[in-house]
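Top line first, the protein sequences correspond to chains A and B.
Just so you know, we're using the working numbering here: the first sequence kicks off at 491 and counts up by one.
Just so you know, we're using the working numbering here: the second sequence kicks off at 2 and counts up by one.
Ideal Cβ placement from N, Cα and C applies to all residues, glycine included.
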Amino acid sequence: MKPRVAVHKFSSCDGCQLAFLNLGETLLKVAGLVDLVHFAEAGPVAPEENVDIAFVEGSVSTPHDLDRIQRIRANSRHLVTIGACATAGGVQALRGLADAKEWVTGIYASPEHIASLDASTPIAQHVKVDLELWGCPVNGRQVLGALRALLSGLMPAGEEDKVCMECKRRLAVCVMVAQGAPCMGPVTRTGCGALCPAYGRDCYGCYGPAENANTVAVSRRLKGLGLMPREISLRFLSINNGAPAFREAGLAANELDDE
Amino acid sequence: MNDPEGKPLEEAPLFLPASRLQHLLDALVRAGFRCIGPRLRDGAIVYGVLDRATELPAGVTDIQAPGSYRVGRTEGPRMFAWANGPQALKPLLFSPHEDLWHAERRLDGGLEFIPDLPNADPLAVIGVRACDLAALALHDQHFLHGAYADPYYARRRSELFLVAVNCSHPAATCFCASTGDGPCATCGFDIALDELDDGFVATCGSERAHALLAGLDLAPATPEQVSEARRQSEQAAQAQTRHLPSRNLREALFANLENPRWAEVAERCLSCGNCTSVCPTCFCHREQEQPSLDGSSSAHTREWNSCFARDHSYIHGLTFRPDTRTRYRQWLTHKLGGWHDQFGRSGCVGCGRCITWCPVGIDITEEAMAICGSRT
Chain A
491 MKPRVAVHKF SSCDGCQLAF LNLGETLLKV AGLVDLVHFA EAGPVAPEEN VDIAFVEGSV
551 STPHDLDRIQ RIRANSRHLV TIGACATAGG VQALRGLADA KEWVTGIYAS PEHIASLDAS
611 TPIAQHVKVD LELWGCPVNG RQVLGALRAL LSGLMPAGEE DKVCMECKRR LAVCVMVAQG
671 APCMGPVTRT GCGALCPAYG RDCYGCYGPA ENANTVAVSR RLKGLGLMPR EISLRFLSIN
731 NGAPAFREAG LAANELDDE
Chain B
2 MNDPEGKPLE EAPLFLPASR LQHLLDALVR AGFRCIGPRL RDGAIVYGVL DRATELPAGV
62 TDIQAPGSYR VGRTEGPRMF AWANGPQALK PLLFSPHEDL WHAERRLDGG LEFIPDLPNA
122 DPLAVIGVRA CDLAALALHD QHFLHGAYAD PYYARRRSEL FLVAVNCSHP AATCFCASTG
182 DGPCATCGFD IALDELDDGF VATCGSERAH ALLAGLDLAP ATPEQVSEAR RQSEQAAQAQ
242 TRHLPSRNLR EALFANLENP RWAEVAERCL SCGNCTSVCP TCFCHREQEQ PSLDGSSSAH
302 TREWNSCFAR DHSYIHGLTF RPDTRTRYRQ WLTHKLGGWH DQFGRSGCVG CGRCITWCPV
362 GIDITEEAMA ICGSRT
């Protein structure tokens with residue numbers, strides 16, 4: 491019997507599921523290797539099935555999510571989060587920095603139909619996660635690498651280097667040093683292949699914090715490049731604002747003024 | 002200047018008019034080389050394919066400072082009026098990312114291992130600096146002459162023709178004069194050029210270069226041209242403001258392992274690995290398996306790694322350099338200390354790249370001075 495795989499969606503934009511859907515012919519190979527028992531965006535719907543590997547996109551954002559993630563965990567041998575929402579709470583985790591209820595009341599005509607939690611949180615805050623794939627969105631190389639390793643009975647090593655390492659391996663010219671661009675590469679986790687710097691623009695941290703990220707020194711450098719404290723804060727409080735290292739740095743950046 | 006057998010080649014330098022630089026490129030192409038040279042790309046001078054001499058960065062200079070690199074315009078027609086770009090020869094020989102071998106599953110269930118040696122086109126590199134040649138000599142020592150010669154490096158290295166251009170415009174970050182590696186190339190090249198306003202004083206450094214230059218039918222350089230070239234090199238050495246406290250800091254560094262400066266620099270250091278990536282002598286790497294999706298084969302790859310990455314010091318359940326203090330200390334004590342034991346000299350050739358391309362501008366000469374300056 492082929493290994494069984496599910497792709498679940500929580501609060502998210504569906505972009506990480508495209509890492510599978512955009513594989514082209516390779517997706518047929520994937521379908522030959524495993525049974526895709528649940529993957530609503532691709533067709534099959536069977537969310538309560540037992541699977542060997544569950545890929546989970548999206549953050550826990552509603553009372554319904556709280557219940558669903560427990561059942562998915564109970565039904566899955568391996569649980570892999572895909573993307574910034576599932577791994578760090580996503581851009582929607584910003585609601586934790588505001589009065590979410592007030593926003594809902596202010597924006598929706600009938601707020602009583604909105605059932606959302608006060609915070610948007612990563613999957614690992616609720617259940618045990620076996621592997622986290624960072625990125626907004628994750629790419630095909632990441633999901634296939636994880637799938638292949640798990641099929642071979644291995645837990646793949648996490649990618650945790652700074653984007654700079656990959657940027658240099660691509661022989662891209664550093665946009666921070668050569669242009670003074672406010673690049674987040676030195677504190678951001680690799681996995682994207684240094685996509686933005688290779689096209690001459692600064693990294694905006696969509697893969698989340700790298701290991702041993704010196705956010706204090708980078709904030710100081712961004713200030714030296716002319717960014718205002720509020721702008722530095724927003725560099726961190728973006729897609730991965732829910733990742734503790736970025737949340738802390740983003741809040742601290744507002745204090746840079748008086749240094 | 003020595004030929005490969007070590008005999009001095011006592012040849013008078015020639016003069017290559019600037020307008021005839023293309024003839025040199027053409028001769029190299031006729032001899033079977035693909036030419037690589039400095040090109041202006043994305044705001045920096047980087048090596049790229051060079052078909053025409055007109056593609057060289059004429060009238061361009063570089064303005065370097067800790068954490069900053071900008072290109073600017075110069076008045077003159079010179080093509081090499083700059084110090085260096087972000088990379089030396091390293092990526093051409095020690096690939097940033099390559100497959101070393103791959104394994105395939107046979108029908109009987111066994112595995113077959115197949116080497117993936119690179120197809121190395123004969124390359125001629127134009128515009129190599131003295132510091133780059135010094136770094137190349139160190140890499141040769143490690144990759145070719147060590148206990149385990151590296152066939153990937155060796156294949157690329159065997160097909161390399163080197164046209165050095167002596168540095169006349171050192172950057173503010175340069176300190177090759179203090180390490181003894183520049184600004185004038187003394188060995189390890191096929192041809193060394195000194196750029197003057199109207200052309201180049203060409204010094205022959207190998208038998209194959211001799212044959213190539215003979216075909217160009219060049220006039221000897223005049224004594225005035227030769228002395229102008231010499232004066233220019235002396236000026237380039239004198240213009241350098243940075244220096245290391247000593248060429249051998251081994252004792253001083255290892256006597257200072259608990260110096261509080263390591264913790265202080267760790268507050269500034271991003272542990273991002275930019276310094277080691279642009280360093281022309283750093284050669285740390287990691288090897289990984291990249292299996293195909295169906296598991297029928299797997300590529301064994303090698304890519305640049307850094308002592309600033311966590312997995313560099315991961316060993317069987319333990320990361321023994323978990324923080325930036327210990328990682329920076331490892332880099333500096335190895336580069337300026339441990340290399341003396343391994344390679345008989347410091348691992349620093351004074352190119353200044355780690356200063357310029359550090360996003361926060363940490364200066365190796367300043368750190369070395371702060372940590373062991375008083376003990377030398």
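Residue i lies in the beta strand (DSSP E); which residues open and close that run?
i: Ala-735(A); result: Taken as a continuous stretch (DSSP letters only), Ala-735(A) belongs to no beta strand (DSSP E), being part of the alpha helix (DSSP H) at 734-743.
i: Thr-302(B); result: 298-305
i: Arg-71(B); result: 69-74
i: Phe-176(B); result: Where Phe-176(B) is concerned, there is no enclosing beta strand (DSSP E), given that its DSSP letter is neither H nor E.
i: Leu-517(A); result: Note, Leu-517(A): premise wrong, no beta strand (DSSP E); alpha helix (DSSP H) at 515-523.
i: Pro-387(B); result: What is shown of chain B runs 2 to 377, which leaves residue 387(B) out entirely.
i: Pro-292(B); result: 286-292
i: Trp-624(A); result: That residue, Trp-624(A), is in no beta strand (DSSP E); it is neither H nor E in DSSP.
i: Gly-714(A); result: Looking at the DSSP string, Gly-714(A) is not in any beta strand (DSSP E); the run it does join, the alpha helix (DSSP H), is 705-714.
i: Pro-92(B); result: Pro-92(B) -> not in any beta strand (DSSP E); alpha helix (DSSP H) instead, spanning 91-94.
Quick one: residues in its chain with C-beta nearer than 6 Å to the C-beta of residue i, no 5 flanking neighbours on either side, listed in chain order?
i: Gly-555(A); result: The amino acid at residue 555(A) is misidentified as Gly; the sequence shows Asp. For Asp-555(A), where only same-chain residues beyond five positions count, the Cβ hits under 6 Å are Phe-500.
i: Thr-223(B); result: none
i: Thr-334(B); result: Leu-254
i: Leu-137(B); result: Leu-90
i: Pro-97(B); result: Trp-305
Let me see if you follow: with CB-CB separation under 9 Å, is residue i close to chain B or not?
i: Gly-635(A); result: yes
i: Val-628(A); result: no
i: Arg-638(A); result: yes
i: Thr-516(A); result: yes
i: Leu-523(A); result: yes
Would you verify that the beta carbon of residue i is, or is not, closer than 9 Å to some beta carbon of chain A?
i: Glu-268(B); result: yes
i: Trp-305(B); result: yes
i: Cys-355(B); result: no
i: Val-126(B); result: no
i: Ile-365(B); result: no
i: Asn-275(B); result: yes
i: Gln-331(B); result: no
i: Leu-161(B); result: no
i: Gln-291(B); result: yes
How should residue i be labelled, buried or exposed, when 16 other C-beta atoms within 10 angstroms of its C-beta is the threshold for buried?
i: Arg-107(B); result: exposed
i: Ser-20(B); result: exposed
i: Gln-239(B); result: exposed
i: Glu-547(A); result: buried
i: Arg-130(B); result: buried
i: Tyr-1(B); result: Lying outside 2 to 377, the shown extent of chain B, residue 1(B) is not represented and no answer is given.
i: Glu-113(B); result: exposed
i: Asn-120(B); result: exposed
i: Ser-347(B); result: buried
i: Lys-91(B); result: buried
i: Asn-167(B); result: buried
i: His-140(B); result: buried
Return the chain-ordered list of same chain residues with a C-beta closer than 7 Å to the C-beta of residue i, the five sequence neighbours on each side being excluded.
i: Ser-307(B); result: Gly-274, Thr-277, Ser-278, Cys-285 and His-313
i: Cys-654(A); result: Gly-675 and Pro-676
i: Arg-303(B); result: Glu-99, Leu-101, His-286 and Glu-288
i: His-24(B); result: Leu-217
i: Phe-176(B); result: Gln-241, Arg-243, His-244, Leu-245, Gly-351, Gly-353 and Thr-366
i: Pro-1(B); result: Lying outside 2 to 377, the shown extent of chain B, residue 1(B) is not represented and no answer is given.
Grab the span of the alpha helix (DSSP H) containing residue i for me, first residue to last.
i: Ile-613(A); result: Neither: Ile-613(A) is in no alpha helix (DSSP H) and is coded neither H nor E.
i: Leu-569(A); result: Taken as a continuous stretch (DSSP letters only), Leu-569(A) belongs to no alpha helix (DSSP H), being part of the beta strand (DSSP E) at 566-572.
i: Gly-635(A); result: 630-641
i: His-24(B); result: 22-31
i: Tyr-329(B); result: 325-334
i: His-211(B); result: 208-215
i: Arg-659(A); result: 653-659
Excluding the 5 residues flanking residue i on each side, which residues of the same chain have their C-beta closer than 8 Å to its C-beta?
i: Arg-251(B); result: Leu-337, Gly-338, Gly-339, His-341 and Asp-342
i: Ala-509(A); result: Ile-572, Pro-627, Val-628, Asn-629, Gly-630, Gln-632 and Val-633
i: Arg-376(B); result: Reliability fails at Arg-376(B), whose pLDDT of 43 lies under 50, so the model's placement of it is uncertain and the value that follows must be treated cautiously. Glu-252, Ala-253, Ala-256 and Asn-257, listed in sequence order.
i: Pro-719(A); result: Lys-713, Ala-743, Asn-744, Glu-745, Leu-746 and Asp-747
List the residues of chain E whose Cβ lies closer than 7 Å to the Cβ of residue i, in chain order.
i: Glu-701(A); result: This model lacks chain E altogether; the protein chains it does include are A and B.
Problem set entry | chain B contacts from the region 643-668 of chain A (Cβ-Cβ distance under 7 Å) | Glu-650, Asp-651, Lys-652, Cys-654, Met-655, Lys-658, Arg-659, Leu-661, Val-663, Cys-664, Met-666, Val-667 and Ala-668
For this session: Could you run through the region 667-689 of chain A and flag, in chain order, every residue whose CB is less than 8 Å away from some CB of chain B?
Result: Val-667, Ala-668, Gln-669, Gly-670, Cys-673, Gly-675, Pro-676 and Val-677
Exercise. In the region 30-46 of chain B, which residues sit with their C-beta less than 8 Å from some C-beta in chain A, listed in chain order?
Worked result: Arg-42, Asp-43, Gly-44 and Ala-45
For this session: Give, in chain order, every residue of the region 706-718 of chain A whose Cβ lies closer than 9 Å to some Cβ of chain B.
Result: Val-706, Ala-707, Val-708, Arg-710, Arg-711 and Gly-714
For this session: Note down, in chain order, all residues in the region 66-79 of chain B with a beta-carbon under 9 Å from any beta-carbon belonging to chain A.
Result: Gly-68, Ser-69, Tyr-70, Arg-71 and Val-72
Problem set entry | Chain-ordered residues of the region 49-61 of chain B with a beta carbon less than 7 Å from chain A | none
Problem set entry | Residues, ordered as in the chain, of the region 88-99 of chain B that lie near chain A by beta-carbon distance below 7 Å | Gln-88, Pro-92, Pro-97 and His-98
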